[in-house]
Each structure stands twice: as C-alpha cells, then as structure tokens.
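Enquirer: The structure under discussion is supplied below as structure tokens; questions concerning it will follow.
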Amino acid sequence: MGTTTAERPSGFDAFSALCPSRRLLDTIGDKWVSLAIVALGLYGPLRYSELASQIEGVSQKMLTQSLRRMERDGLLTRTVTPSVPVRTDYELTPLGQTLLPVIGHLKAWAEEHMAEVDAARTAYDSRD
1 MGTTTAERPS
11 GFDAFSALCP
21 SRRLLDTIGD
31 KWVSLAIVAL
41 GLYGPLRYSE
51 LASQIEGVSQ
61 KMLTQSLRRM
71 ERDGLLTRTV
81 TPSVPVRTDY
91 ELTPLGQTLL
101 PVIGHLKAWA
111 EEHMAEVDAA
121 RTAYDSRD
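Each residue of the sequence shown is one higher than the one before, starting from 1 at the first, in the numbering used here.
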C-alpha cells in the first residue's frame, strides 16, 4: 500500500494535484533546465554566452526563462559584474548541486539507450 502525505517526512506528495512539488518537477524535468544543470556541474560557473554555446539549439528566450526559473527555485545564483559589457555569471547553488547525480545519470542513460529507443520508435511507427 502507498504512503500517505501525512506519513511522508516532507509532508509533500507529488501525486497530489495540489502539491507544490509538481511545479518543481516541471522545472527540473524541463530539458533546457536539465542540460543547464549538467553543463554548470561539468564546467563550473559560466557566462550566459558560454552556457548558451554548451547547450546547442536552445533559443535565447528559452535559456533566459530556464535560468530565471532555476534562480527562483534556488538552484543557481546569478552574479552580475558591472563592466563593459556587463558580465553575468551563473553557478549552481549547493541545492542545485544535489541534482547533479540524478540528472547526470538521466542524461547518461538517454545517451546510452538512444539506439534502443530509436529502434522501438521505428517499430512502433511501422505498425499498421
């Protein structure tokens, strides 16, 4: 039998429609957020342009939105250095760093099993 919300140490239950942890799952489940977490974990603090070049295909709008969500959730810090041009650096917080093993393994799993997934997709799409 499942554990009720009252029995959970955190008091949160993501299976519940009203649980605020769902919003957090929306954030960390986003591909751009996940890739930003891994990039910042691998390369340390990065400027916006460096981060954008690490994550091919992300638009400026999507990267900016993702970074803002991450900052709001306490997953990264944004440091602006007044210079010409202005320098903005992003770095994972200790909280954000706790996601590295989880998301890093998920990224590695996707890369390792992509051929199998492609084969399954091809088989599925070729059905009548």
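Here a beta-carbon is modelled for each residue, glycine too, at the ideal position from N, C-alpha and C.
Computed from a predicted structure; not experimentally measured.
According to the neighbour-count rule (16 or more other Cβ atoms, all chains shown, within 10 Å of its Cβ), is V38 buried or exposed?
Expert: Looking up residue 38 in the sequence shown gives position 38. That one is buried.
Enquirer: Judging by CA-CA distance, which residue of Q97, W32, P82 is the nearest neighbour of G74?
Expert: As a position in the sequence shown, residue 74 is number 74, starting the count at 1. Among Q97, W32, P82, the Cα nearest to that of G74 belongs to Q97.
Enquirer: Following the continuous alpha helix (DSSP H) through T88, name the residue where it begins and the one where it ends.
Expert: On the sequence shown, position 88 is the one that residue 88 refers to. Taken as a continuous stretch (DSSP letters only), T88 belongs to no alpha helix (DSSP H), being part of the beta strand (DSSP E) at 87-92.
Enquirer: Once DSSP output is grouped into helix, strand and coil, what is the label at R78?
Expert: Residue mapping note: residue 78 aligns to position 78 of the sequence shown, counting from 1. Correct three-state label for R78: strand.
Enquirer: Going by other Cβ atoms of all chains shown within 10 Å of its Cβ, with 16 needed for buried, is L95 buried or exposed?
Expert: One-based indexing of the sequence shown puts residue 95 at position 95. When all chains shown are included, L95 counts as exposed.
Enquirer: Mind the definition here: the stretch 44-57 touches the stretch 13-28 only if three or more C-beta pairs lie below 8 angstroms; say whether that holds.
Expert: No contact exists between the stretch 44-57 and the stretch 13-28.
Enquirer: Closest by CA to S49, which one among A110, D26, Y90?
Expert: Here residue 49 refers to the residue found at position 49 of the sequence shown. Nearest option by C-alpha distance: Y90.
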